[in-house]
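**Student:**
Number of protein chains: 2
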Amino acid sequence: MTTLKDVARLANVSASTVSRVLNHNPAISTATQKKVLRAMQKLRYVPNSNARNLALQHTMTLGVILPATQAMVFSNPFFVALIQGINHICSQNNYLTAVATGDDIQELQQTITMMAQQNKIRQFILLYSQKNDPILQILQQLGLRYVILGKPFENSQAMPYVDNDNILAGTDVTTYLLKQGHRAIGFLYSDLSQMVQADRLLGYQRAMQQSGLPQHAFQINDDYEQLQTQLRHIMALKPEITALITTDDMQALAVQQALVPLDLKRHISQISFNNSIFARVARPMLTSVEVFPVKLGEEVARLAIQDHAETFVSNLIIPHRIIERSSVWTQ
Amino acid sequence: MTTLKDVARLANVSASTVSRVLNHNPAISTATQKKVLRAMQKLRYVPNSNARNLALQHTMTLGVILPATQAMVFSNPFFVALIQGINHICSQNNYLTAVATGDDIQELQQTITMMAQQNKIRQFILLYSQKNDPILQILQQLGLRYVILGKPFENSQAMPYVDNDNILAGTDVTTYLLKQGHRAIGFLYSDLSQMVQADRLLGYQRAMQQSGLPQHAFQINDDYEQLQTQLRHIMALKPEITALITTDDMQALAVQQALVPLDLKRHISQISFNNSIFARVARPMLTSVEVFPVKLGEEVARLAIQDHAETFVSNLIIPHRIIERSSVWTQ
DNA sequence: TAAGCTTATGAAATCGGTTGTATTAATGAC
DNA sequence: GTCATTAATACAACCGATTTCATAAGCTTA
Numbered sequence: 006m007t008t009l010k011d012v013a014r015l016a017n018v019s020a021s022t023v024s025r026v027l028n029h030n031p032a033i034s035t036a037t038q039k040k041v042l043r044a045m046q047k048l049r050y051v052p053n054s055n056a057r058n059l060a061l062q063h064t065m066t067l068g069v070i071l072p073a074t075q076a077m078v079f080s081n082p083f084f085v086a087l088i089q090g091i092n093h094i095c096s097q098n099n100y101l102t103a104v105a106t107g108d109d110i111q112e113l114q115q116t117i118t119m120m121a122q123q124n125k126i127r128q129f130i131l132l133y134s135q136k137n138d139p140i141l142q143i144l145q146q147l148g149l150r151y152v153i154l155g156k157p158f159e160n161s162q163a164m165p166y167v168d169n170d171n172i173l174a175g176t177d178v179t180t181y182l183l184k185q186g187h188r189a190i191g192f193l194y195s196d197l198s199q200m201v202q203a204d205r206l207l208g209y210q211r212a213m214q215q216s217g218l219p220q221h222a223f224q225i226n227d228d229y230e231q232l233q234t235q236l237r238h239i240m241a242l243k244p245e246i247t248a249l250i251t252t253d254d255m256q257a258l259a260v261q262q263a264l265v266p267l268d269l270k271r272h273i274s275q276i277s278f279n280n281s282i283f284a285r286v287a288r289p290m291l292t293s294v295e296v297f298p299v300k301l302g303e304e305v306a307r308l309a310i311q312d313h314a315e316t317f318v319s320n321l322i323i324p325h326r327i328i329e330r331s332s333v334w335t336q
Numbered sequence: 006m007t008t009l010k011d012v013a014r015l016a017n018v019s020a021s022t023v024s025r026v027l028n029h030n031p032a033i034s035t036a037t038q039k040k041v042l043r044a045m046q047k048l049r050y051v052p053n054s055n056a057r058n059l060a061l062q063h064t065m066t067l068g069v070i071l072p073a074t075q076a077m078v079f080s081n082p083f084f085v086a087l088i089q090g091i092n093h094i095c096s097q098n099n100y101l102t103a104v105a106t107g108d109d110i111q112e113l114q115q116t117i118t119m120m121a122q123q124n125k126i127r128q129f130i131l132l133y134s135q136k137n138d139p140i141l142q143i144l145q146q147l148g149l150r151y152v153i154l155g156k157p158f159e160n161s162q163a164m165p166y167v168d169n170d171n172i173l174a175g176t177d178v179t180t181y182l183l184k185q186g187h188r189a190i191g192f193l194y195s196d197l198s199q200m201v202q203a204d205r206l207l208g209y210q211r212a213m214q215q216s217g218l219p220q221h222a223f224q225i226n227d228d229y230e231q232l233q234t235q236l237r238h239i240m241a242l243k244p245e246i247t248a249l250i251t252t253d254d255m256q257a258l259a260v261q262q263a264l265v266p267l268d269l270k271r272h273i274s275q276i277s278f279n280n281s282i283f284a285r286v287a288r289p290m291l292t293s294v295e296v297f298p299v300k301l302g303e304e305v306a307r308l309a310i311q312d313h314a315e316t317f318v319s320n321l322i323i324p325h326r327i328i329e330r331s332s333v334w335t336q
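Protein sequences, first through last, are from chains A and B. Everything in the first sequence is counted per my numbering, starting at 6 for the first residue and increasing by one. Everything in the second sequence is counted per my numbering, starting at 6 for the first residue and increasing by one.
1. Distance cutoff 9 Å, beta carbons only. Does A:E112 sit that close to anything in chain B?
2. Do A:S293 and A:D268 have their C-beta atoms within less than 9 Å of each other?
3. Count the C-beta pairs between the region 137-148 of chain A and the region 103-123 of chain A that are closer than 8 Å, then say yes if the count reaches three, no if not.
4. B:Q135 and B:M200: beta carbons closer than 9 Å?
5. In chain order, which continuous runs of the beta strand (DSSP E) of length 3 or greater are located wholly inside the region 192-237 of chain A?
6. Taking the alpha carbon of A:N124 as the point to measure from, which residue in B:Q38, B:T7, B:L258, B:L236 has its own alpha carbon closest?
7. For chain B, find out if any of its Cβ atoms is closer than 9 Å to the Cβ of A:N280; answer yes or no.
8. Hey, A:Q224 and A:M213: beta-carbon distance below 9 Å or not?
9. Determine, using beta-carbon pairs with one atom in the region 155-162 of chain B and one in the region 92-99 of chain B, whether at least three such pairs fall under 8 Å.
10. Can A:H325 and A:E295 be called in contact, C-beta distance under 9 Å?
11. Closer than 7 Å, Cβ to any Cβ of chain B: which residues of the region 287-309 of chain A, in chain order?
12. From what residue to what residue does the beta strand (DSSP E) around A:V104 run?
13. Spell out the partners DSSP gives A:D168 in its beta bridges.
14. Tell me whether the beta-carbon of B:Q337 lies closer than 9 Å to the beta-carbon of B:L291.
15. Using CA atoms only, rank isn't needed, just tell me which of A:S319, A:Q336, A:I282 is closest to A:A86.
16. Cα separation between A:L59 and A:S24?
17. Compute the beta-carbon to beta-carbon distance between A:P289 and A:R330, rounded to the nearest angstrom, for a pair I have assumed lies under 8 Å.
18. How would you label B:L165, buried or exposed, when you count the other beta carbons within 10 angstroms and need 16 or more for buried?
19. Is it buried or exposed for B:H272, if we count other Cβ within 10 angstroms and need 16 for buried?
20. Among the candidates B:A189, B:N226, B:S54, B:G155, whose CA atom is the shortest distance from the CA of B:A203?
21. Express the C-alpha separation of A:I190 and A:W334 in angstroms, rounding to a whole number.
22. So with Cβ pairs under 9 Å, would you call A:Q123 a contact of chain B?
23. With a threshold of 16 other CB atoms inside 10 Å of the CB of B:R57, please say whether the residue is buried or exposed.
24. I want to see whether chain A comes within less than 9 Å of B:L71, judged by CB atoms only; does it?
25. Buried or exposed for A:T234, going by 16 or more other Cβ atoms inside 10 Å?
26. Got a sec? Which residues, its chain only, sit under 7 Å from B:Q89 by beta carbon, not counting five neighbours each side?
27. Tell me which residues of the region 168-182 of chain B have at least one Cβ-Cβ distance to chain A shorter than 9 Å, keeping chain order.
28. Check the Cβ-Cβ distances between A:A189 and every residue of chain B, and say whether any is below 9 Å.
29. Measure how close the beta-carbons of B:L71 and B:A105 come, nearest whole angstrom, since I'm counting them as under 8 Å.
30. Name the DSSP bridge partner or partners of A:V299?
31. Measuring only the C-alpha atoms, how far is A:T66 from B:V69?
32. Roughly how many angstroms separate the alpha carbons of B:N171 and B:A248, rounded to a whole number?
33. For a cutoff of 9 Å on Cβ pairs, would you count B:D109 as touching chain A?
34. For A:L236, count neighbouring C-beta atoms within 10 Å of its own C-beta (all shown protein chains included) and say buried if the count is 16 or more, exposed if not.
35. Taking 6 Å as the limit between beta carbons, can you name the residues of its chain near A:N92, skipping five residues before and five after?
36. Can you check whether the CB of B:V18 is closer than 9 Å to the CB of B:Y50?
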């Protein structure tokens, strides 16, 4: 392994000069810079990141925290896309993408503190936003730097985050259904402590309110066995409903499957979120909101890396777009 | 941040003694060991991994390589489970789990060489096995240490790997269908350069051959638009088929959906692999082979971490189990 | 031409650990 | 009681970078 000293020797300069070239120090003359650069190339020199990090008192790795609860396991493809985006920016900037997962909060918490205390992580990225999240509290207690993917539940001005405008997205899908002639529109959610779901519901509620229409929001279970019973109940309670909004394609697909044996007279339109693979396996294919997870990942990684301009916390909103397929009928 | 020297000062010993305690060096007396341990706890000392890694000339991070091609994007939940398993073992052993993804081979290749040359990765884990994989070639060219999740395409004796016995699994599902009275069993695959698919097909072929039954293996497209046409063609060609094997739940679900509008007289049984969330959203729910991805991840991580016993390469086979649901009818 | 300023570079300390060797104390043999 | 041997610990060099401070060279200016 060639080191900085080897380069220095070959270029006939001192180690400090090589280091300065490496760090683009303006005090270096163009002549020696070229000389050193040539030597580096000749020796195929690559700086040792351990040594560098030790001297610099930091690391070049981001810690990506996945949700602990199995509840979010549905959105798996979404998380993989996020990680892809993050890793894309990381490798561009010579950063490492380290993941932190765990079956339960305890395990996850342990992993995170371990990573943090050993100085392994420069900045964390929380891949979700949840009400009273103990993980977030730990990040704050330990004084760690972090960025959230998703709108913080409270104090959102004080923390840097990247998100879609989920309230607007909720309004958009509702408006879309309204335009297709639907009047009785149901909204199905599973867990309002998840900020995404809460925001999308809020958007739905606003749109319905503005149109002076009644709201039909129901909680459904993540457990598929119970879903059918719940749906039967809902559809019996509100037989006027002609369209259903769900907060994730996966749930939409489950709902779609569960509706069939109910043997309803009318057809139920569906619209959903995330435009994942699930939207495309569904029959009919689901109209869904594309939220650009790769882009989200990229931007959250950018935000995490450039903590230089930390004069004020910055937030970023990624636009969304409705992808029309065949699950919505005009009424 | 408290350092080793702080601990040494408080415990009235030298820095080297503290270091030896840290590394469980047997040359340390029990008395001083206790003394030092007490001091560590008092100061809440945590060793700096950058310094440690620099001195030790290695790192404590595993590089997890996800497949570059979008073809495998189906198995997303599978990969997340693998990563969970890996991370579980990693954090137990104070290792970091770093991921490497990329849209294409070039990008992935660049990421990997970067990670490797800067001394960031101790060992790589390839999360898939594919014929003539350029990424594998790069790992070999660069002389990097690696473990494969999946059976290597060739020279499998020479590389450490963890896998299910996919040939056996293929035989098992076929035998299962035979026991239910099926005689004309179709096998659908999408890409035989993927070792998993090739092995499962091989298992199917063996079972059919042993029973003296004709084989019906067909390639289907990952693209859903074309799937229906292909299926119509297949079912017209072999109207005797009563059961279909697919190599992934995702594909099975797509097939299931595509079969409905074909309006076949007979019912087609289905059996598939991976027992993912897709198996449970399908209606009827899919009988599928559980392959224990978390366990796979854990074991491959263990193998990667304990490269000490590298006297001979070790392979590990994780058992599988058929999860019976309602997609198979007795004939 | 000597004093005063820049500018570019080098020497050495530092980051926080590990480890080979020297040193000291303790033990045992005679 | 002395010497050889062993056990436990300290000293110092080292891992491969960064960075402060000193210094030498080059240039102005009086």
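Idealized CB from N, CA, C, for every residue including glycine. Computed from a predicted model, the values in this text were never measured in an experiment.
**Tutor:** Working from what's here:
1. Closer than 9 Å: yes.
2. Cβ atoms of A:S293 and A:D268: not closer than 9 Å.
3. In short, these stretches touch, since the Cβ pair count reaches three.
4. Yes. Within cutoff.
5. Here the runs fully enclosed are 221-224.
6. Proximity to A:N124 across B:Q38, B:T7, B:L258, B:L236 peaks at B:T7, based on C-alpha coordinates.
7. No, A:N280 lies away from the interface with chain B (no Cβ there is under 9 Å from its Cβ).
8. The answer is no: Cβ separation not under 9 Å.
9. Cβ pair count under 8 Å is below three, so no.
10. For A:H325 and A:E295, yes; Cβs fall inside 9 Å.
11. Correct list: R288.
12. Note, A:V104: beta strand (DSSP E), 101-105.
13. Residue pairing of A:D168 in beta bridges, as defined by DSSP: A:I322.
14. Residue 337 of chain B lies beyond the range of chain B shown here (6 to 336); nothing can be said about it.
15. Of the candidates A:S319, A:Q336, A:I282, the one whose C-alpha sits nearest the C-alpha of A:A86 is A:I282.
16. When rounded, the distance between both Cα atoms is 14 Å.
17. With 8 Å as the limit, A:P289 and A:R330 qualify as a contact, their Cβ atoms being about 7 Å apart.
18. In the sequence as presented, Leu is not what sits at residue 165 of chain B; that position holds Pro. Under this definition B:P165 is a buried residue.
19. Counting C-beta atoms within 10 angstroms of its own C-beta, B:H272 has fewer than 16 neighbours from the protein chains shown and is therefore classed as exposed.
20. Of the listed residues, the one whose Cα sits closest to B:A203 is B:G155.
21. Their backbone Cα atoms lie some 13 Å apart in a straight line.
22. For A:Q123, the nearest CB of chain B lies under 9 Å from its own CB, placing it at the interface with that chain.
23. Burial call: buried.
24. Yes, because at least one Cβ of chain A sits closer than 9 Å to the Cβ of B:L71.
25. Exposed is the call here.
26. Counting only residues of its own chain and dropping the five nearest sequence neighbours on each side, B:Q89 has a CB closer than 7 Å to the CB of V299, G302.
27. Per Cβ criterion, the list is empty.
28. No, A:A189 does not count as interfacial toward chain B.
29. With a contact defined as Cβ atoms closer than 8 Å, B:L71 and B:A105 qualify at about 7 Å.
30. In the DSSP assignment, A:V299 forms no beta bridge with any residue.
31. About 15 Å.
32. The straight-line gap from Cα to Cα measures roughly 19 Å.
33. For B:D109, the answer is no, since every Cβ of chain A falls outside 9 Å of its Cβ.
34. The Cβ neighbour count for A:L236, taken over all protein chains shown within 10 Å, is at least 16; the residue is labelled buried.
35. If the five residues before and after A:N92 are omitted, its C-beta is found closer than 6 Å to the C-beta atoms of T102, all from its own chain and listed in chain order.
36. Taking 9 Å as the Cβ cut-off, B:Y50 and B:V18 do not qualify as a contacting pair.
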